[in-house]
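Asks:
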Amino acid sequence: MTIPLSPLLVLTLAPLLIALVLLGYALGAARRGRWGGALSRLLTVVVLLLVAGLFGAISLATHGFRVFTEEAVAATVEIRNLEPQLFNALFTFPDGRQSGFQIMGDQLYVDAQIVKWHPVATAIGLRTAYQLERVGGRYLLLDHEQTRPRTVYALAQATPLNLSDLVSRFTPLTALIDAEYGSATFVPVEDGARFAIMVSHTGLLARRLE
Numbered sequence: 017m018t019i020p021l022s023p024l025l026v027l028t029l030a031p032l033l034i035a036l037v038l039l040g041y042a043l044g045a046a047r048r049g050r051w052g053g054a055l056s057r058l059l060t061v062v063v064l065l066l067v068a069g070l071f072g073a074i075s076l077a078t079h080g081f082r083v084f085t086e087e088a089v090a091a092t093v094e095i096r097n098l099e100p101q102l103f104n105a106l107f108t109f110p111d112g113r114q115s116g117f118q119i120m121g122d123q124l125y126v127d128a129q130i131v132k133w134h135p136v137a138t139a140i141g142l143r144t145a146y147q148l149e150r151v152g153g154r155y156l157l158l159d160h161e162q163t164r165p166r167t168v169y170a171l172a173q174a175t176p177l178n179l180s181d182l183v184s185r186f187t188p189l190t191a192l193i194d195a196e197y198g199s200a201t202f203v204p205v206e207d208g209a210r211f212a213i214m215v216s217h218t219g220l221l222a223r224r225l226e
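Using the working numbering, you'd call the opening residue of the sequence shown number 17 and step up by one each time.
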């Protein structure tokens with residue numbers, strides 16, 4: 017079985033492997049008493065490890081994000097009404113996973129996080145990516161929205177690092193990100209209705225399926 021290598025994985029592993037090779041040369045130079053050569057190689061090893069750590073952190077923070085170019089189906093949703101202002105939404109994701117949610121409200125609400133990389137980052141293989149974040153219900157009337165029960169569920173996979181937190185801690189990363197933004201869509205629910213949740217460079221939209 018072939019394991020596909022993402023650009024971020026390559027950018028993490030390549031400097032790490034080079035660092036290991038240079039570390040071997042540095043130790044060899046030190047044993048021969050060539051301290052100048054050993055020190056220069058060790059400094060290069062440190063820089064390469066920092067680069068590998070940076071791209072490794074980005075890879076962890078964007079785990080679960082999906083790459084897209086034009087317009088992509090983020091999920092399909094099938095609605096089943098249970099009672100007034102209560103319905104079940106069955107999500108089917110591109111990888112075949114399914115998740116069902118009981119939601120209160122008159123409308124289905126879905127939001128997502130979208131990351132657009134700077135041209136420098138796209139030149140090394142990174143592409144615009146998205147991650148569905150939450151699903152919930154939305155009431156038509158404002159007073160219902162303010163007083164009636166709310167339901168919201170996470171759609172995003174748990175990750176060791178959060179991209180927004182990572183960028184806020186390491187401001188040089190902002191040079192790699194052209195835009196990071198949220199987008200949402202909501203649609204009225206009808207029993208048996210099916211929708212495709214689409215993502216494009218302009219954001220999310222829900223398209224009714226026949």
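For every residue, glycine included, the Cβ atom is placed at its ideal position computed from N, Cα and C.
Buried or exposed, going by whether 16 or more other CB atoms sit within 10 Å of the CB of Gly153?
Replies: With 16 or more Cβ atoms within 10 Å of its Cβ, Gly153 is classed as buried.
Asks: Would you check if there are 3 or more beta carbon pairs closer than 8 angstroms linking the segment 86–104 to the segment 196–216?
Replies: Touching, per the Cβ criterion.
Asks: Which of helix, strand or coil does DSSP assign to Pro31?
Replies: Residue state, collapsed to three classes: helix.
Asks: Would you kindly work out how many angstroms separate the C-alpha atoms of Gly80 and Val62, rounded to a whole number?
Replies: Note that Gly80 scores 49 on pLDDT, short of 50, meaning its location in the model is unreliable; the coordinates nonetheless yield the value given after this. Those two C-alpha atoms are separated by around 29 angstroms.
Asks: What first and last residue would you give for the alpha helix (DSSP H) that runs through Thr201?
Replies: Looking at the DSSP string, Thr201 is not in any alpha helix (DSSP H); the run it does join, the beta strand (DSSP E), is Ile193 to Pro204.
Asks: Could you give the C-beta distance for Ala195 and Lys132, rounded to a whole number, given that I count them as a contact under 8 angstroms?
Replies: Confirmed, Cβ separation roughly 4 angstroms.
Asks: Does Leu36 pass the burial test, meaning 16 or more other C-beta atoms within 10 Å, or should it be called exposed?
Replies: The residue in question, Leu36, is exposed, as its Cβ has fewer than 16 Cβ neighbours within 10 Å.
Asks: On the DSSP bridge assignment, give the partners of Phe211 in chain order.
Replies: Bridge partners of Phe211: Val93 and Arg224.
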